[in-house]
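Okay, structure first, notes after.
In full-length UniProt numbering, the protein residues as written are 1 to 127.
Here you go:
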């Protein structure tokens, strides 16, 4: 990912739009292809990196690592490293991200209603 200069016009405009619109602020934190998906799967409890990768097979390792890092920097995901043999890293929701739970569930419920036929097909395959 290309680093953006702090004084760039793009970065200044981003900061101004975050102050002017709460939706822009929220989308800068949870927007993108995978952040909400990662948060959704962490709602069921802490997960190791490999567990998240199995739950989201379409995500590349680079994107998963990048989004976990961004979510951690935005105080939405906590990273705990356990010094055992072999060492493991566990990701979990922070209290700030836990407040997103009703929003993420509402998004999931909307998707199921909006695309009911597709989700019914998927459910039948899993049984």
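Glycine included, C-beta positions come from ideal geometry on N, C-alpha and C.
- With respect to residue 48, residue 88 sits close: the two C-beta atoms are nearer than 8 Å.
- Separation of residue 60 and residue 16 (C-alpha to C-alpha, rounded to the nearest whole angstrom) is 32 Å.
- When the beta-carbon positions are compared, residue 64 and residue 35 stay at least 8 Å from each other.
- Classified as exposed, residue 25 has fewer than 16 neighbouring CB atoms from the shown chains inside 10 Å of its CB.
- For the pair residue 76 and residue 58, the CB atoms are not nearer than the 8 Å cut-off.
- Between residue 93 and residue 42 a beta carbon distance of about 5 Å is seen, short of the 8 Å cut, so the two are scored as contacting.
- DSSP assignment within the region 27 to 107 yields the following whole beta strand (DSSP E) runs of 3 residues or more, N-terminal first: 77 to 82, 88 to 93.
- Taking residue 52 as reference, the option from 90, 32, 103 with the minimal CA-CA separation is 90.
- In its chain, beyond the 5 residues on either side, 119 have a beta carbon closer than 8 Å to the beta carbon of residue 112.
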